[in-house]
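First residue of the sequence shown? That's 11 in this note's numbering, and the numbers climb one at a time after it. Cβ atoms here follow ideal geometry from the backbone N, Cα and C, with glycine treated the same way.
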Amino acid sequence: MKVLNQGREDKKLFELHTSICCTLAHPKHLEILSLLRQRELSVGEIADQMGISLANASQHLVILRDKQVVVTWREGVNVYYQISNPKIVQACGLMREVLFEQLARGGELAERMQQEGD
């Protein structure tokens with residue numbers, strides 16, 4: 011019976027993992043996280059730095075907040091955002107390293123194929 015429960019728990023964990031990965035799969039969300047890596051920012055500062063409307067920035071931030079990727083607090087009329095856990099930055103950094111390695115291998119492969127074709 012324990013094996014069956016563990017399987018169900020694993021499936022639930024996989025679903026939660028997928029949900030976070032899907033949230034991080036949006037280019038604007040990654041851009042926001044890149045900005046917040048440096049320091050906490052207000053929604054207005056995020057919108058300005060990204061060159062998007064306040065409403066658009068707010069929509070993306072609501073998604074990140076709902077998935078607990080960012081946390082918020084209010085100071086006067088401003089709402090500030092910061093990344094909820096430094097491991098999120100580490101995870102994004104690792105995925106970026108994997109991407110660069112894949113791009114480098116792809117470039118090397120394309121270069122070898124071109125040399126073989128000459």
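Between the CA atoms of Leu71 and Lys77 - distance to the nearest angstrom: 10 Å
Would you call the CB atoms of Leu74 and Ile42 closer than 8 Å? Yes, Cβ-Cβ distance for Leu74 and Ile42 is below 8 Å.
In this structure, how does DSSP classify Glu50 when only helix, strand and coil are distinguished? coil
Can you tell me whether Ala67 is buried or exposed, with buried defined as 16 or more other CB within 10 angstroms of its CB? buried
Going by the DSSP bridge assignment, what does Glu85 pair with across the sheet? Paired residue(s): Asn88.
Give me the Cα-Cα distance between Ser52 and Thr33, rounded to the nearest whole angstrom. 20 Å
Whole angstroms is fine: what's the gap from Glu25's alpha carbon to Asp58's? 34 Å
Please state whether DSSP places Val80 in a helix, a strand or coil. strand
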